[in-house]
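Report on the structure given below.
Protein chains: 2
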Amino acid sequence: MVQTARLSERILESFDDLTKSERLLAEHFLENPDSLALHTAEEISSLAGVSKATTARFFKRLGFPSFKTAQRMARVRRSDSQHNKRVFSEPIQQRSGRGDLADHLASDVQNLIRTIEAIRGDELKDAVTYLARAEKVWVVGFGDNYPLAHFARAQLIKVKPDIRMIPLGGFPVPEEFASIRPTDAVLALAIGRRTATLRSILQSARLSGARTISVTDLTSSGNSELAEVTLRCRTSGLSYFDSLASPVSVMTYLCMAVADRLGQNAVDRLKYIDGIHSEWGDLG
Amino acid sequence: MVQTARLSERILESFDDLTKSERLLAEHFLENPDSLALHTAEEISSLAGVSKATTARFFKRLGFPSFKTAQRMARVRRSDSQHNKRVFSEPIQQRSGRGDLADHLASDVQNLIRTIEAIRGDELKDAVTYLARAEKVWVVGFGDNYPLAHFARAQLIKVKPDIRMIPLGGFPVPEEFASIRPTDAVLALAIGRRTATLRSILQSARLSGARTISVTDLTSSGNSELAEVTLRCRTSGLSYFDSLASPVSVMTYLCMAVADRLGQNAVDRLKYIDGIHSEWGDLG
DNA sequence: GTCAAACGATTCAAAAATGAAATTAATCTT
DNA sequence: AAGATTAATTTCATTTTTGAATCGTTTGAC
């Protein structure tokens, strides 16, 4: 566990201490995690829009002995993961685990704030547009993302009539997904462990001409953008679990914004649903 | 568009251009939106941990003529909102850029903070104890609470072996629930609309001698406690939907605290699960 | 009106950050 | 292996940021 700290981790640890140009570098690396292994210091500098000197200093500030060392480490790591093709998720680290609610919620407050800062306004607007215009929306979430997907669907269905879940019950994915059309949109929940199936789905979706949106965290290792629009949420938790408060918040916002965009239709639908709830009383 | 620009919006617009100490101020204001109206420049400076000079410059950089002007604007805005105190669930505004998201997340930040304040430490401790000691845990959530319940189970199952969902698939509730024992605990998600079934379940649970915990919002205040321990979360949203960020956060905390309480057992289980995930690669 | 107190704005010197250019290290050619 | 080439590091002058101290303005008490 000595030299295993990946770049993105180190960046996130000391994000607060970074200066403006260092943040440019930080964002560059978070968006293009392979950049360090693939490019020279000069190229990286110009990609991020800073001077070579700043790039060199950046890695020292992050605790690496030098740029070169960091690059070597990145290349080793890369060839490793080339080797055993599977992407291992981080071992669960035994962090402080002190367990004070105040600390926990404070950390989530930070997550929320940082999430606002990280999300680009134009991407968000695009996401809302895609979802609002889509004929069908496919909400995709495997493993730990399934509850999140469930949650997203529960909100979207109040606003739009045709929201499909992937995976669905015990049904095989391809059969379901076959009905995707260029007029659809896919909302992929991709926090934490990312599965190959998710990748395949996003790829198929893009091929089919549908719009793709992915909600993810900052650890997106290696893979370049999976979707047209990527909304990155902060999820760092104080202990064993990541915290999903900010993804939930972002998704609630998305639904709200979609409802807003759809205008009276959405309001009517909401009222109608509410009416049925009242009539039925229970059994919801 | 004359004087309508709120502070948080302006901060986010130019967040990328802010220096380190200015970011300290920015985060202070995002966390404490009322600070500008309530405190003097000096107090704010010391709260944020910067010098008065920096605070003064900060507001100029954001495009305000001066600190004073900004403060005056904030106070006017505040007294306005004091005036029309009612809370609409109508859409508040039609914009859809990032200012919207800023407002939304800021509102969730407030929800989180208020939630911390509202939850009593001893109740929380009891909740953790109940969940940790329980032989089986029943997670109950109907309607809109179902995704939340799903989510809670997904986390708890990583830490304890026997977590049951109610409702489950299409199976009738009583048949399932019959297996409840005095050594069990029930975690009821009761946010928003509460159903009669939920009430019945909690009542049966208490009769059976099992421990009962309910996670709920503030709309229930008044009517008698449904469960032994009630954790109230703030959920007010800016528009059509309630925001579930703080319940999610609280539940993540609960699971973390339970894991903590269980100690090595939980850690082993987590590692074991992680190992299986890695072996299987996908299909999670 | 005058004075005092409180507060915000400004100035200025010190510290930090930055990029251009020089220097050093490494890598490749022949 | 020596020279040529490329890339990383360091240096240094410039620019930016920052807080302590100072200056001005407003407010309120008498």
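Chains A and B, in that order, give the protein sequences. In terms of numbering that gives the first Met the number 0, the first sequence has 246 at position 247, counting the first letter as 1, and numbering is strictly consecutive. In terms of numbering that gives the first Met the number 0, the second sequence has 219 at position 220, counting the first letter as 1, and numbering is strictly consecutive. Where is the CB? At the ideal position from N, CA and C, for every residue including glycine. Computed from a prediction, not measured in an experiment: that's the story for all the values here.
Counterpart residues of residue i in DSSP-defined beta bridges
{"i": "Thr170 (chain A)", "result": "Note that residue 170 (chain A) corresponds to Phe in the displayed sequence, not to Thr. For Phe170 (chain A), which the question treats as bridged, DSSP gives the partners A:Leu167."}
{"i": "Trp137 (chain B)", "result": "B:Arg163, B:Val185"}
{"i": "Arg231 (chain A)", "result": "A:Thr215"}
{"i": "Arg210 (chain A)", "result": "A:Ala184"}
Per-residue contacts from residue i into chain A (C-beta, under 7 Å)
{"i": "Val108 (chain B)", "result": "Val108, Leu111, Ile112"}
{"i": "Ile115 (chain B)", "result": "Leu100, Ala101, Leu104"}
{"i": "Thr182 (chain B)", "result": "The premise fails here: Thr182 (chain B) is roughly 24 Å from chain A at the closest Cβ pair, so nothing lies under 7 Å."}
{"i": "Leu123 (chain B)", "result": "Leu100"}
{"i": "Phe150 (chain B)", "result": "Pro146, Phe150"}
Buried or exposed by the 16-neighbour rule on C-beta atoms within 10 Å, applied to residue i
{"i": "Tyr129 (chain B)", "result": "buried"}
{"i": "Thr68 (chain B)", "result": "exposed"}
{"i": "Gly140 (chain A)", "result": "buried"}
{"i": "Val214 (chain A)", "result": "buried"}
{"i": "Leu284 (chain A)", "result": "Residue 284 (chain A) lies beyond the stretch modelled for chain A, which goes from 0 to 283, so this question has no answer here."}
{"i": "Gln263 (chain A)", "result": "exposed"}
{"i": "Ser65 (chain B)", "result": "exposed"}
{"i": "Thr161 (chain A)", "result": "One point to set straight first is that residue 161 (chain A) is Asp, not Thr, in the sequence displayed. Exposed is the call here."}
{"i": "Ala148 (chain A)", "result": "buried"}
{"i": "Asp121 (chain A)", "result": "exposed"}
{"i": "Asp216 (chain B)", "result": "buried"}
{"i": "Trp279 (chain B)", "result": "exposed"}
{"i": "Glu42 (chain B)", "result": "exposed"}
{"i": "Gly142 (chain A)", "result": "buried"}
{"i": "Glu134 (chain B)", "result": "exposed"}
{"i": "Ile272 (chain A)", "result": "exposed"}
{"i": "Asp33 (chain B)", "result": "exposed"}
{"i": "Leu197 (chain B)", "result": "buried"}
{"i": "Glu12 (chain A)", "result": "exposed"}
{"i": "Leu104 (chain A)", "result": "buried"}
{"i": "Thr229 (chain A)", "result": "buried"}
{"i": "Gly236 (chain A)", "result": "buried"}
{"i": "Val75 (chain A)", "result": "exposed"}
{"i": "Pro146 (chain B)", "result": "buried"}
{"i": "Ala265 (chain A)", "result": "buried"}
{"i": "Asp267 (chain B)", "result": "exposed"}
{"i": "Thr39 (chain A)", "result": "exposed"}
7 Å Cβ cut-off: residues of chain B touching residue i
{"i": "Cys254 (chain A)", "result": "Phe240"}
Chain-ordered chain B contacts of residue i [CB-CB under 8 Å]
{"i": "Ala153 (chain A)", "result": "Asp143, Tyr145, Pro146"}
Partner residues on chain A for residue i, Cβ-Cβ distance less than 8 Å
{"i": "Ile118 (chain B)", "result": "Leu100"}
{"i": "Ala244 (chain B)", "result": "Asp107, Leu111, Ala244, Ser245, Val247, Ser248, Thr251"}
{"i": "Gly287 (chain B)", "result": "Because residue 287 (chain B) is not part of the residues shown, which for chain B are 0 to 283, the question remains open."}
Proximal chain A residues relative to residue i, where beta-carbon distance stays under 9 Å
{"i": "Gly208 (chain B)", "result": "Within chain A, no residue comes near Gly208 (chain B); the closest Cβ sits about 26 Å away, beyond 9 Å."}
Which of the residues in the segment 10-44 of chain B, read from start to end, lie with their CB under 7 Å from any CB of chain A? Leu11, Phe14, Thr18, Lys19, Glu26, Leu29, Glu30
May I ask you to verify whether the segment 9-26 of chain A touches the segment 51-62 of chain A, counting CB pairs closer than 8 Å and requiring at least 3? yes
Inspect the CB distances between the segment 195-207 of chain A and the segment 167-183 of chain A and report whether three or more fall short of 8 Å. yes
Short-range partners of chain A found in the segment 246-278 of chain B, where Cβ spacing is below 7 Å: Val247, Ser248, Thr251, Tyr252, Cys254, Met255, Ala256, Ala258, Asp259, Val266, Leu269, Lys270, Asp273, His276, Ser277
Could you list the residues in the segment 44-72 of chain B with a C-beta less than 9 Å from some C-beta on chain A, going in chain order? none
Are there three or more Cβ pairs, one per stretch, closer than 8 Å when the segment 236-246 of chain B is compared with the segment 245-256 of chain A? yes
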